[in-house]
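*Asks:* Residue numbers (my numbering): 120 to 554.
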Amino acid sequence: MTRTLIRGRLLSFLRRPETIDDAASYRYEEDGGLLVEDGRIAAVGAYATVRAEAPEDVEEIDHRPHLILPGLIDTHLHFPQMQVIGSYAANLLEWLNTYTFPEECRFVESEHAARIARHFYDEMIRQGTTTAVAYCSVHKTSADAYFAEALKRGMRMIGGKVMMDRNAPQGLLDTPDMGYDETRAVIAQWHGKGRNHVAITPRFAITSTPAQMEMAAALAREFPDLLIQTHLSENHDEIRFTSELYPDAIDYTDVYAKYGLLGRKSLFGHCIHLSEREADAMSEAGAVAVHCPTSNLFLGSGLFPLKALSRREKPVRIGVATDIGGGTSYSMLKTMDEAYKIQQLLGERLNPFESFYHMTLGNAEALSLADHIGTLEAGTDADFVVLDAAATPAMALKMEVVRSLTEELFLLQTLGDDRAVRETYVAGKPMKATL
Ligand code: GUN
Ligand code: ZN
Numbered sequence: 120m121t122r123t124l125i126r127g128r129l130l131s132f133l134r135r136p137e138t139i140d141d142a143a144s145y146r147y148e149e150d151g152g153l154l155v156e157d158g159r160i161a162a163v164g165a166y167a168t169v170r171a172e173a174p175e176d177v178e179e180i181d182h183r184p185h186l187i188l189p190g191l192i193d194t195h196l197h198f199p200q201m202q203v204i205g206s207y208a209a210n211l212l213e214w215l216n217t218y219t220f221p222e223e224c225r226f227v228e229s230e231h232a233a234r235i236a237r238h239f240y241d242e243m244i245r246q247g248t249t250t251a252v253a254y255c256s257v258h259k260t261s262a263d264a265y266f267a268e269a270l271k272r273g274m275r276m277i278g279g280k281v282m283m284d285r286n287a288p289q290g291l292l293d294t295p296d297m298g299y300d301e302t303r304a305v306i307a308q309w310h311g312k313g314r315n316h317v318a319i320t321p322r323f324a325i326t327s328t329p330a331q332m333e334m335a336a337a338l339a340r341e342f343p344d345l346l347i348q349t350h351l352s353e354n355h356d357e358i359r360f361t362s363e364l365y366p367d368a369i370d371y372t373d374v375y376a377k378y379g380l381l382g383r384k385s386l387f388g389h390c391i392h393l394s395e396r397e398a399d400a401m402s403e404a405g406a407v408a409v410h411c412p413t414s415n416l417f418l419g420s421g422l423f424p425l426k427a428l429s430r431r432e433k434p435v436r437i438g439v440a441t442d443i444g445g446g447t448s449y450s451m452l453k454t455m456d457e458a459y460k461i462q463q464l465l466g467e468r469l470n471p472f473e474s475f476y477h478m479t480l481g482n483a484e485a486l487s488l489a490d491h492i493g494t495l496e497a498g499t500d501a502d503f504v505v506l507d508a509a510a511t512p513a514m515a516l517k518m519e520v521v522r523s524l525t526e527e528l529f530l531l532q533t534l535g536d537d538r539a540v541r542e543t544y545v546a547g548k549p550m551k552a553t554l
């Protein structure tokens, strides 16, 4: 049995913070201890208490004065788009057709897919992201590369072979049968292997025919425990085109509802322009709207009403994500910095505790994985990050006047990025030091 005692300032959430003063929503230990045993957290609490109960000869790592939080979680990004970031386009559909679809065609090559997968996981670890939910490309080779690398690194990762059978270049199309068969093959080969989870992944209504949506529905019925991911209501032209393609649906959300794809396991990227009816339908189904702030700003897609959706009489569940490569940063800290600014533009406040809740427990809840990740509770996976709010000269200068945990978190979110991530532990192992 391998055991390590980690010492530092521990912060983890118990539920969503209601206000900036909601101290009961989180647990903070100024001098905390985490006992890690075989990849899990065996004990957590005040350092003195955990130390007293730990074996005499346990290895000890002292991360004081830094903060230790659960590993950050990214609930929507595209693994084959690492070389798409920063592509100059006027809007979503132009960006997809001009840069993104041609780039994804390259993932038919398994060597290319394997090389990008290595870079992808290096980047996740550099940024403190220990779990991510990715779209692979339409090619099974891309899903194989994605999951093989996750297995090597022992990470809890979620991903799916994209299903798309129209409105894209030939090299990026499957068929309803191929999409179904290859998704089943990916599930058989990878789901539950190591810490891998497969998600059913019809790209979006524009690139799937009704016949393919039927196949996605069949997969969702056969594998009810799997997450489903797709895109919804990101851009006005996309919404218009979708209603032309699915004239019988009441609205965009109803397209997915008609095919049985609107439920508690469904993750919908963007959801910027939902009507009240659509928000009600999302809420009633328990579906998750995944906010991708840097992408929404970069592509000029719109301002996601995060606060308004979460305080409705029928609240909508929320996830937060980078959406690489529409997104412009791999950092969940930068992501929440931009989320904060979007709420400012909408006349709303997003407090630092809410932001850090969303990056950790909030996203774990969105994935129905809070029993495993997103907290520092005993019995959960030992995935955590060590954050340094004085990581750069500018941050260190500001830290001289920081007087509270609230201010420290806000500084981390406002000026922080991968440089603020001192270490990333995956199943109890420090991974960043060895990159
Ligand atoms: N909608 C369909 N595919 C994509 C994608 O790759 N990125 C974004 N931002 N939106 C999409
Ligand atoms: Zn996306």
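No residue lacks a Cβ here, since even glycine has one placed at the ideal position from N, Cα and C.
Across the region 394–401 and the region 415–423, are there enough close Cβ pairs to call them in contact, namely three or more that are closer than 8 Å?
*Replies:* The region 394–401 vs the region 415–423: no contact.
*Asks:* Tell me whether the beta-carbon of Pro434 lies closer than 8 Å to the beta-carbon of Ser385.
*Replies:* Counting from 1 along the sequence shown, the entry for residue 434 is found at position 315. Counting from 1 along the sequence shown, the entry for residue 385 is found at position 266. Result no, Cβ atoms of Pro434 and Ser385 do not sit closer than 8 Å.
*Asks:* Short of 8 Å in beta carbon distance, which residues of its chain neighbour Ser206, apart from the five on each side in sequence? Order them along the chain.
*Replies:* Position 87 of the sequence shown holds residue 206. Once the five neighbours on either side are set aside, the close Cβ partners of Ser206 are Trp214, Thr217, Tyr218, Thr219, Gly444.
*Asks:* How many whole angstroms separate the CB atoms of Arg275 and Asp502, which I take to be in contact at a CB cut-off of 8 Å?
*Replies:* As a working note, residue 275 is residue 156 in the sequence shown. As a working note, residue 502 is residue 383 in the sequence shown. At roughly 7 Å, the Cβ-Cβ gap stays under 8 Å, so Arg275 and Asp502 are in contact.
*Asks:* For the ligand GUN, is there any heavy atom lying closer than 7 Å to the beta carbon of Phe323?
*Replies:* Residue numbering aside, residue 323 sits at position 204 when the sequence shown is read from its first letter. Yes - the ligand GUN has a heavy atom lying nearer than 7 Å to the Cβ of Phe323.
*Asks:* 8 Å is my cut-off, CB to CB: does Gly164 come that close to chain D?
*Replies:* This model lacks chain D altogether; it includes just one protein chain.
*Asks:* Using CA atoms only, rank isn't needed, just tell me which of Met282, Ala287, Met297 is closest to Ala318.
*Replies:* As a first step, residue 318 must be located in the sequence shown, where it is residue number 199. It is Met282.
*Asks:* Could you tell me whether the region 511–521 touches the region 244–260, using the rule of 3 or more Cβ pairs below 8 Å?
*Replies:* No: the two stretches stay apart, fewer than three of their Cβ pairs being nearer than 8 Å.
*Asks:* Whole angstroms are fine: how far does the CA of Thr302 sit from the CA of Ile160?
*Replies:* Here the question's residue 160 lines up with position 41 in the sequence shown. Here the question's residue 302 lines up with position 183 in the sequence shown. Cα to Cα, the separation comes out at about 33 Å.
*Asks:* On the DSSP bridge list, what partners appear for Glu179?
*Replies:* Position 60 of the sequence shown, counting from 1, holds the residue named residue 179. Looking at the DSSP assignment, Glu179 forms a beta bridge with Leu124.
*Asks:* Taking the straight line between their C-alpha atoms, what separation do you get for Asp490 and Ala497?
*Replies:* Working through the sequence shown from its first residue, we reach residue 490 at position 371. Working through the sequence shown from its first residue, we reach residue 497 at position 378. Taking the straight line from one Cα to the other gives about 10 Å.
*Asks:* Using DSSP bridges, identify the partner residues of Tyr145.
*Replies:* One-based indexing of the sequence shown puts residue 145 at position 26. DSSP, once it has assigned bridges, lists Phe132 as partnering Tyr145.
*Asks:* Quick check on Lys280: buried or exposed, where buried means 16 or more other Cβ atoms within 10 Å of its Cβ?
*Replies:* Within the sequence shown, residue 280 is the residue found at index 161, counting from 1. It counts as buried.
*Asks:* Would you check if the distance between the CB atom of Arg430 and the CB atom of Val407 is smaller than 8 Å?
*Replies:* Position 311 of the sequence shown, counted from the start, is the residue given in the question as residue 430. Position 288 of the sequence shown, counted from the start, is the residue given in the question as residue 407. No. Outside cutoff.
*Asks:* I need the boundaries of the beta strand (DSSP E) containing Gly279, first residue and last residue.
*Replies:* As a working mapping, residue 279 is identified with position 160 in the sequence shown. Residues 277–279.
*Asks:* Go ahead and label Met550 buried or exposed: buried means 16 or more other beta carbons lie within 10 angstroms of its beta carbon, across all protein chains shown.
*Replies:* Here residue 550 refers to the residue found at position 431 when the sequence shown is read from its first residue. Buried is the call here.
*Asks:* Taking 8 Å as the cut-off, decide whether the C-beta atoms of His389 and His350 are in contact.
*Replies:* For the purposes of this step, residue 389 is taken as residue 270 along the sequence shown, with counting starting at 1. For the purposes of this step, residue 350 is taken as residue 231 along the sequence shown, with counting starting at 1. Result yes, Cβ atoms of His389 and His350 sit closer than 8 Å.
*Asks:* Could you tell me which whole alpha helix (DSSP H) segments of length 4 or greater appear in the region 247–302?
*Replies:* Qualifying alpha helix (DSSP H) stretches, in chain order: 259–272.
*Asks:* Give me whichever residues DSSP pairs with Gln348 in a beta bridge.
*Replies:* Looking up residue 348 in the sequence shown gives position 229. Per DSSP, Leu386.
*Asks:* Between Ile391, Asp399, Glu149, which lies nearest to Val439 when the distance is taken from Cα to Cα?
*Replies:* The sequence position of residue 439 within the sequence shown is 320, counting from 1. The shortest C-alpha separation from Val439 is found at Ile391.
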